[in-house]
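A.B. asks: Below is a structure I'd like to ask you about.
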Amino acid sequence: GNSVTQMEGPVTLSEEAFLTINCTYTATGYPSLFWYVQYPGEGLQLLLKATKADDKGSNKGFEATYRKETTSFHLEKGSVQVSDSAVYFCALIPLSGGYQKVTFGTGTKLQVIP
Amino acid sequence: GAVVSQHPSRVICKSGTSVKIECRSLDFQATTMFWYRQFPKKSLMLMATSNEGSKATYEQGVEKDKFLINHASLTLSTLTVTSAHPEDSSFYICSAYPGLAAITPDEQFFGPGTRLTVL
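Chains as they are written, first to last, in this note's numbering: chain V, 1 to 114; chain D, 1 to 119.
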């Protein structure tokens, strides 16, 4: 079956530090890969996505590259801000021409301190 | 962009009562809606898949008689937690899939979630 593995948190960084949150996946074929962000007390928001190998998704300074050879989709940001404090979920959807169930990782809590 | 709303955002109820949570797609028609439950410090667990006009498909281990799902229209799905107990306290999130009208067929749009507290 499909699975997503994320690094365990919480991750605590100082403002302007470099962020990497690791994500690897197991799936057949070529799934679409996503990063969602959940701010305290809120629902999930799509942060970025990539639909094929070597694609780079980017948004709000965050980036992630779809690496088929390592089955990874690591999230990076060059300089984090306090406002980036949230829980980040890596996820995949198998690409089959229709909807499929989303497989989520367990989430990684990021705390950025001033 | 596509917007999904949930109502209420927070609800507190007494043990033994029933609570209904609504999920609406505001600017698109959703052929399929999903209901998730999020436990503290854990990931989202898919509870059921709801298709308009048909019975919901529940995931293994989810009690269909306790979590009643109705998808009466292409823009509305409801989750009713019947005879709620404290262990049902959780964060419930829905998502909606636009079907063939989707720009990309693989994307779902999530609601903001409903915090249920059962006393």
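For glycine and all other residues, C-beta sits at the position ideal for the given N, C-alpha and C.
Since we're looking at a predicted model, the values are computed, not measured.
1) State buried or exposed for D:A72, treating a residue as buried only when at least 16 other CB atoms are found within 10 Å of its CB.
2) Could you check whether the Cβ of D:I93 sits closer than 8 Å to any Cβ belonging to chain V?
3) Can you tell me the Cβ-Cβ gap for V:T20 and V:E69, rounded? I've got them flagged as a contact below 8 Å.
4) Applying a beta-carbon distance threshold of less than 8 Å, which residues of chain D neighbour V:T106?
5) What are the start and end residues of the beta strand (DSSP E) that includes D:M47?
6) Helix, strand or coil, according to DSSP, for D:V81 in the structure here?
7) Under 7 Å between beta-carbons, which chain D residues line up against V:F62? List them in chain order, please.
8) So V:K49 is in the beta strand (DSSP E); what residue range does that whole segment cover?
9) Could you tell me how far apart the beta carbons of V:P10 and V:Q81 are, in whole angstroms, since I believe they sit closer than 8 Å?
10) Using beta carbons (cut-off 8 Å, strictly below), is D:L116 in contact with chain V?
11) When burial is assigned at 16 or more other CB atoms within 10 Å of the CB, is D:F39 buried or exposed?
12) I need the boundaries of the beta strand (DSSP E) containing V:V37, first residue and last residue.
13) Please identify, using Cβ separations under 9 Å, the residues of the stretch 24-53 of chain V that lie next to chain D, in order along the chain.
14) Going along chain V in order, which residues have a C-beta closer than 8 Å to the C-beta of D:G111?
15) Short of 7 Å in beta carbon distance, which residues of its chain neighbour D:D88, apart from the five on each side in sequence? Order them along the chain.
16) Could you name the residues that DSSP lists as bridge partners for V:N59?
17) Below 7 Å CB to CB, which residues in the same chain sit around V:Y66 once its five sequence neighbours on both sides are set aside?
18) Look at the Cβ atom of D:I69, then the Cβ atom of D:A84, and state whether they are nearer than 8 Å.
19) Just how far apart, CA to CA, sit V:G57 and V:Y36?
20) By the 8 Å beta-carbon criterion, what residues does the stretch 50-69 of chain D contribute toward chain V?
21) Counting only beta-carbon separations shorter than 8 Å, does V:F73 have a partner in chain D?
22) Determine, using beta carbons only, whether V:K101 comes closer than 8 Å to chain D.
23) Name the chain D residues whose beta carbon is nearer than 7 Å to that of V:F18?
C.D. replies: The structure says:
1) With fewer than 16 Cβ atoms within 10 Å of its Cβ, D:A72 is classed as exposed.
2) yes
3) At roughly 18 Å, the Cβ-Cβ gap does not stay under 8 Å, so V:T20 and V:E69 are not in contact.
4) Simply K42 and S43.
5) L44 to N51
6) strand
7) The contacting residues do not exist; V:F62 stays about 17 Å from chain D at best.
8) L44 to A50
9) Not confirmed; about 17 Å, so no contact.
10) No, its Cβ sits nowhere closer than 8 Å to a Cβ of chain V.
11) exposed
12) S32 to Q38
13) P31, S32, F34, Y36, Q38, G41, E42, G43, L44, Q45, L46, K49 and T51
14) G43
15) V81, L116 and V118
16) V:F62
17) For V:Y66, same chain residues with a beta-carbon under 7 Å away, outside a window of 5 residues either side, are L33, A50, K52, A53, D54, D55 and F73 in chain order.
18) no
19) 12 Å
20) Cβ contacts with chain V come from no residue of the stretch 50-69 of chain D.
21) no
22) yes
23) Under the 7 Å cutoff, chain D gives no residues; its nearest Cβ is about 25 Å from V:F18.
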